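First the structure, in the form of structure tokens, and then the observations on it.
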Amino acid sequence: ISDWRMLDMDGQEFYWTAKNEGLLGKAPFLMVSAENERGKVIEALRAGVNDYIVKPVSFKTLQDKIEKLLNSQE
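Read in order, the letters of the sequence shown are residues 5 to 78 in this note's numbering.
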């Protein structure tokens, strides 16, 4: 789980770095961000992010997304 906006790099850059260095393995990647622009969401999903949540996010939404991602890995 990563935010889109971070100090040293954005979430998409973090995703690519972790993926290219083999740190993710088969783990799903969830992006959370205040960026609700459709283009940003599509950009993240095309990059390989498994799902995207727009802030503010409720605990229930986060829980549901995590469960969905983990169940899809089985």
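A virtual CB, placed ideally from N, CA and C, is assigned to each residue, including glycine. All values derive from a computational prediction rather than experimental measurement.
| Query | Result |
| --- | --- |
| Which residue's Cα is closest to the Cα of S76: N54, L66, V61, L27? | N54 |
| In this structure, how does DSSP classify V58 when only helix, strand and coil are distinguished? | strand |
| If we count the other Cβ atoms within 10 Å of its Cβ and call it buried at 16 or more, is E39 buried or exposed? | buried |
| Tell me whether K28 sits in a helix, a strand or coil according to DSSP, three-state version. | For the record, residue 28 in the displayed sequence is Leu; it is not Lys. Three-state result, L28: coil. |
| What is the DSSP secondary structure of D7, counted as helix, strand or coil? | strand |
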